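Chains as they are written, first to last, in UniProt numbering: chain A, 1 to 108; chain B, 1 to 108. No residue lacks a Cβ here, since even glycine has one placed at the ideal position from N, Cα and C. Here the structure is a predicted model, which is why all the values come from computation and not from measurement.
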DNA sequence: CAATCGTATAAGTATTCGCTTATATATTCG
DNA sequence: CGAATATATAAGCGAATACTTATACGATTG
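Below, the structure written as structure tokens:
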């Protein structure tokens, strides 16, 4: 799998708002079982399960089985393709947009 | 339009490899007419035109008319929603993944 | 073992997407 | 004005997407 394909996967996976909401909840809660993610979600359990699979396939989350429960956590390396891509073009934006580092600081 | 919706637009727009390739060419070439982008593209002129519209609608490129030609250039602010989103969750990743700034430096 | 709980998969469907060909809308040139 | 150039829009189509309900699988419990 090329870097471009990985980036495409990450972008496609994060582009869906429902799936991104699941991802953000995992970020905030640290480690959550799928049940916990279904609670408070607008969509059904299978839909959440499908989103979790997509997130895992994209390398954005990892799972840990504990009895009947499967706990999901963020796999920060999954964002690597996105970070790399932004960094790769940073020099082109720097000329007219300061630079990404500065932006990251300002956005906090 | 909420911030989440803008982010969704940016992610969706960049998620298509053909469209992202158009965007990357605009980045590299600085300012290009649509004709130049059609040359060397795998897809037809209308397809390129549709991608350019999507990029403009997402705020990722700006255009400047000059006679019959329309020159496209990157609108760096268009990446704002993406940068902001990454920055917003930076603190959550920092614990286990150093921080985005460091990553950006390393990725050069 | 049987019932139950947590999660995944299967199958079907409506919507969205990216592409094509054909046509329309500027803008310039002779 | 009429022809040519640069770009956009229209219409249609096949593939992908995100959801649903129904069912299967895996692990625990009584």
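Residues that residue i bridges to, as DSSP identifies them
i	result
residue 48(A)	Answer is none; residue 48(A) lacks a bridge partner.
residue 73(A)	31(A) and 62(A)
Residues near residue i in its chain [Cβ-Cβ closer than 8 Å; skip 5 each side]
i	result
residue 61(A)	23, 26, 52, 55, 72, 73, 74, 75 and 78
residue 37(A)	22, 25, 26, 48, 52 and 72
residue 69(A)	33, 34 and 35
residue 42(A)	18
residue 29(A)	36
Residue i at chain A interface by Cβ criterion, 7 Å
i	result
residue 42(B)	no
residue 96(B)	Because residue 96(B) sits at a pLDDT of 44, beneath the cut-off of 50, its placement in the model cannot be relied upon, and the following sentence gives the value as read from the coordinates. Chain A contact via Cβ: present.
Contact set between residue i and chain A, taken where Cβ atoms lie within less than 7 Å
i	result
residue 14(B)	11
residue 62(B)	Going along chain A, no residue has its Cβ under 7 Å from residue 62(B), so there is no contact; the nearest lies around 11 Å.
residue 4(B)	17
Chain-ordered neighbours of residue i on chain B, where CB pairs are closer than 8 Å
i	result
residue 89(A)	24 and 27
Proximity test, Cβ basis, 7 Å: residue i and chain B
i	result
residue 35(A)	no
residue 102(A)	Bear in mind that a pLDDT of 48 at residue 102(A), under 50, signals an unreliable position, so the model cannot answer this.
residue 53(A)	no
Cβ neighbours of residue i in the same chain (closer than 6 Å, five flanking residues each side left out)
i	result
residue 64(A)	71
residue 10(B)	58, 81 and 82
residue 1(B)	none
residue 88(B)	none
residue 6(A)	81
Own chain partners of residue i with C-beta closer than 7 Å, once the 5 adjacent residues on each side are dropped
i	result
residue 8(A)	none
residue 108(A)	Since pLDDT at residue 108(A) reaches only 39, below the 50 mark, its modelled position is unreliable, and the value read off the structure follows with that caveat. No residues qualify anywhere along the chain.
residue 40(B)	none
Residue i: CB within 6 Å of a non-hydrogen atom of the ligand NAD
i	result
residue 77(B)	With respect to the ligand NAD, the structure shown offers nothing to examine, as it has no ligands at all.
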